[in-house]
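Student: Quick one: this structure, given as structure tokens, is what I'll be asking you about.
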Amino acid sequence: MFMRRRARATAISCYVNEPSPVFHKNLPKVPTTLKLLPAPLANPELGKPMQASTASPFLAWIVASPGRALAALLALHAAVWTALPALLYPNLPLDLIEALLYGREWQLGYDKLPPLPWWLVEIVYRAIGHDFGYYLLAQAAVISALAIVYVAARPLTGPLGALVAVLIVDGLHYLSYTAAKFNHDVIQLPFWALAGYALHRSLRGGRLGHWALLGLAVGLSLWAKYFVVVLAAPIALFVLIDRDARKSLATPGPYVAAAVALIVMAPHLLWLVQNDFLPFAYAERRAVLSRGWFDHLWHPFQFGIGQLFFLIPSLLIALPLFVSRFLPRRAASETPIASLADAFDRRIVTLLTFGPIAAVLALAAITGRGTIAMWGYPLWMFAGTWLVLVARRSIEQRRLGRIAITWAIVFTCIAGAFIANYAVLPNYDHRYRAVFYPGERLALELSRRARAVTGQPIAYVIADMWTGGNVAHYAPSHPRVLIDGEPARAPWIDLADLNARGAVVVWTEGDLDVVPPRYRKIASEAAVQPPFLIPDRRGDSFVNVGWAILLPKPAFALNR
1 MFMRRRARAT AISCYVNEPS PVFHKNLPKV PTTLKLLPAP LANPELGKPM QASTASPFLA
61 WIVASPGRAL AALLALHAAV WTALPALLYP NLPLDLIEAL LYGREWQLGY DKLPPLPWWL
121 VEIVYRAIGH DFGYYLLAQA AVISALAIVY VAARPLTGPL GALVAVLIVD GLHYLSYTAA
181 KFNHDVIQLP FWALAGYALH RSLRGGRLGH WALLGLAVGL SLWAKYFVVV LAAPIALFVL
241 IDRDARKSLA TPGPYVAAAV ALIVMAPHLL WLVQNDFLPF AYAERRAVLS RGWFDHLWHP
301 FQFGIGQLFF LIPSLLIALP LFVSRFLPRR AASETPIASL ADAFDRRIVT LLTFGPIAAV
361 LALAAITGRG TIAMWGYPLW MFAGTWLVLV ARRSIEQRRL GRIAITWAIV FTCIAGAFIA
421 NYAVLPNYDH RYRAVFYPGE RLALELSRRA RAVTGQPIAY VIADMWTGGN VAHYAPSHPR
481 VLIDGEPARA PWIDLADLNA RGAVVVWTEG DLDVVPPRYR KIASEAAVQP PFLIPDRRGD
541 SFVNVGWAIL LPKPAFALNR
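My numbering puts the first residue of the sequence shown at 1, with every later residue one more than the last.
Next up, the structure:
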């Protein structure tokens, strides 16, 4: 009997691992005698403590120092996923070319999306000036989000459980493979994680500081991407509907959060009103509209199945929490341990885990419009915490070892897939990949040819976003771009200055000997130049380049 009690207590101690003070009063208290138990961890399968001789020193270090283990994990993640794209992307990807094109203009809004990610890329360009800085920026967003998830989970699961929650979430390709291309999806991650942390602390502690932090996180999320509506709406409904959360409405907290959010959003909201909600018009033009009643069912189903597929690696990492030695009967026979989280805590985490995706599915079902798989980026930040809370299993060394090994396999497989896609498969499939685009060579060749004709560096480029953005980034003069030849898409371009200084018109499709119709309104007088070919970065395909020069006009000629 004594041995049974001792094993049970040790298992709980391993799960809790002396958590930091919690923010509410009604948590189950862990007996202080647990701290007096010897260091060897319990083996619940044998009903007695694990012998020190069989314990892994590495796992023992993780159990003793989960915070340091987290720091090592985040450092490894950032190092690998900064190095891989820096080494394997010879040309900047589409999202970063776009960010550099827009960010340099420092506008409060643009025709496509909110400005914050593009501002950050421009800051990195000015501060570092090297491509690896953009990949490091992406990883800064990712590891910040993971660190916040750890801090949010710690009072609910203990430090070791919080570390496991981070390992589970880190299995998502959204935080590794696709996060290499810093964009609006990636920058959402830390703000959504911060909103989840602040919401829980606000509802459990009621401190105005946490409510203000919630408003700040939601407000900044709008500057990142308008997708924040699928986070804000479930939170608002939860506060209205949940019996415990509703009590906060009698306090200043929710109103402080709303006020802070509106203050943070205000400059961009004002810009939207002044510009007739320009980004939404762009989104409307690109939206996949409903073709009938079937799409109201198919599009949400398609998105849900896709997200479930993307969750498979994370679920595999979490599997040892539910299956002991991969035998379900043994896992089912384990007695759930005492949890630091009460029912209200679990409802909050459940909201953060499933509320946003429920909102996405509901919107898709109501509108019938198509969804995009990459919308899943921020949806699962608290999935790991939810799984740890639901499992309620002791995280002793053997189970922790299986979790860590599974995470290492997933991490290695994702990194290996990235290497294979950009270093191995191109030798065989010859599929187009934007990162092999000859942006630098195109920009240098255009600069050389334009200077030979005009004697001046390129000041403006009239082209589509991808072609013009590459020229703007890689050309020595870093010209500004009139996107698609449409002043409405680049209202910051002074057309008088463009005409005075001249421009280069560039296109890579259609008849290379004739200026495309979409550019003629702006560059009808452009002189077409001989087209040329540029091999891509691998030399196994070519880009056909048509170009024309809009010669500079004297300033007095514009006033005649």
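Yeah, the Cβ is synthetic: ideal placement off N, Cα and C, and Gly gets one too. The model shown is predicted, which means the values in this text are computed figures rather than measured ones.
DSSP three-state label for residue 588, please.
Tutor: The chain is shown only over 1 to 560; residue 588 falls outside these bounds and no answer can be derived.
Student: Measure the C-alpha to C-alpha separation of residue 552 and residue 546 and round it to an integer number of angstroms.
Tutor: About 20 Å.
Student: Using CA atoms only, rank isn't needed, just tell me which of 473, 80, 258, 79 is closest to residue 195.
Tutor: Minimum Cα distance to residue 195 is reached at 258.
Student: I need the straight-line Cα distance from residue 574 to residue 462, nearest angstrom please.
Tutor: Beyond the ends of the chain as shown, which are 1 and 560, falls residue 574; an answer cannot be given.
Student: If you draw a straight line from the C-alpha of residue 479 to the C-alpha of residue 108, how long is it?
Tutor: Cα-Cα distance, rounded: 21 Å.
Student: For a minimum of 4 consecutive residues, which ranges assigned as the alpha helix (DSSP H) are wholly contained in the stretch 63–100?
Tutor: Here the runs fully enclosed are 66–88.
Student: Do residue 77 and residue 137 have their C-beta atoms closer together than 9 Å?
Tutor: Result no, Cβ atoms of residue 77 and residue 137 do not sit closer than 9 Å.
Student: Within 10 angstroms of the Cβ of residue 495, are there 16 or more other Cβ atoms? Answer buried if so, exposed if not.
Tutor: With fewer than 16 Cβ atoms within 10 Å of its Cβ, residue 495 is classed as exposed.
Student: By the three-class DSSP mapping on this structure, what secondary structure does residue 354 have?
Tutor: Helix.
Student: Which whole-angstrom value describes the C-beta separation of residue 148 and residue 190, a residue pair presumed to lie in contact below a C-beta threshold of 8 Å?
Tutor: Confirmed, Cβ separation roughly 6 Å.
Student: Among 368, 354, 447, which one has its Cα closest to the Cα of residue 293?
Tutor: That would be 368, whose Cα lies nearest to the Cα of residue 293.
Student: Within the stretch 345–398, note down every full beta strand (DSSP E) run reaching 3 residues or more, in order along the chain.
Tutor: Those beta strand (DSSP E) runs which fall completely within the stretch 345–398 and span 3+ residues do not exist here.
Student: By DSSP, does residue 551 sit in helix, in strand, or in coil?
Tutor: Looking at residue 551 - three-state DSSP - the assignment turns out to be coil, as it is neither helix nor strand.
Student: Might you give, ordered along the chain, the residues of its own chain that have their beta carbon closer than 8 Å to the beta carbon of residue 223, omitting 5 neighbours on each side?
Tutor: Same-chain partners within the cutoff: 114, 115, 116, 264, 265, 268.
Student: Given that a residue counts as buried once 16 or more other Cβ atoms are within 10 Å of its Cβ, and exposed if not, what is residue 366?
Tutor: By the neighbour-count rule (16 or more Cβ atoms within 10 Å), residue 366 is not buried but exposed.
Student: Around the Cβ of residue 106, are there at least 16 other Cβ atoms within 10 angstroms (buried) or fewer (exposed)?
Tutor: Under this definition residue 106 is an exposed residue.
Student: Can you grab the Cα-Cα spacing for the pair residue 442 / residue 363, in whole Å?
Tutor: Residue 442 and residue 363: Cα-Cα distance of roughly 43 Å.
Student: Drop a sphere of 10 angstroms on the beta-carbon of residue 33, count the other beta-carbons inside from all chains shown, and report buried for 16 or more, exposed for fewer.
Tutor: Bear in mind that a pLDDT of 36 at residue 33, under 50, signals an unreliable position, so the model cannot answer this.
Student: Let me make sure I understand the geometry here. Which of 217, 550, 419 has the alpha-carbon closest to that of residue 504?
Tutor: Among 217, 550, 419, the Cα nearest to that of residue 504 belongs to 550.
Student: In three-state terms, what does DSSP make of residue 470?
Tutor: Note: residue 470 maps to helix in three-state DSSP.
Student: If we require 4 or more residues per run, which alpha helix (DSSP H) segments fall completely within the stretch 258–292?
Tutor: With a minimum length of 4 residues, the continuous alpha helix (DSSP H) runs that stay inside the stretch 258–292 are 278–286.
Student: Quick check on the burial criterion: 16 or more other C-beta atoms within 10 angstroms. Buried or exposed for residue 251?
Tutor: Under this definition residue 251 is an exposed residue.
Student: Take residue 93 and list the residues in its own chain whose beta-carbon comes closer than 6 Å to its own, dropping the five residues that flank it on each side.
Tutor: Cβ neighbours of residue 93 beyond the five flanking positions: 181, 434, 435.
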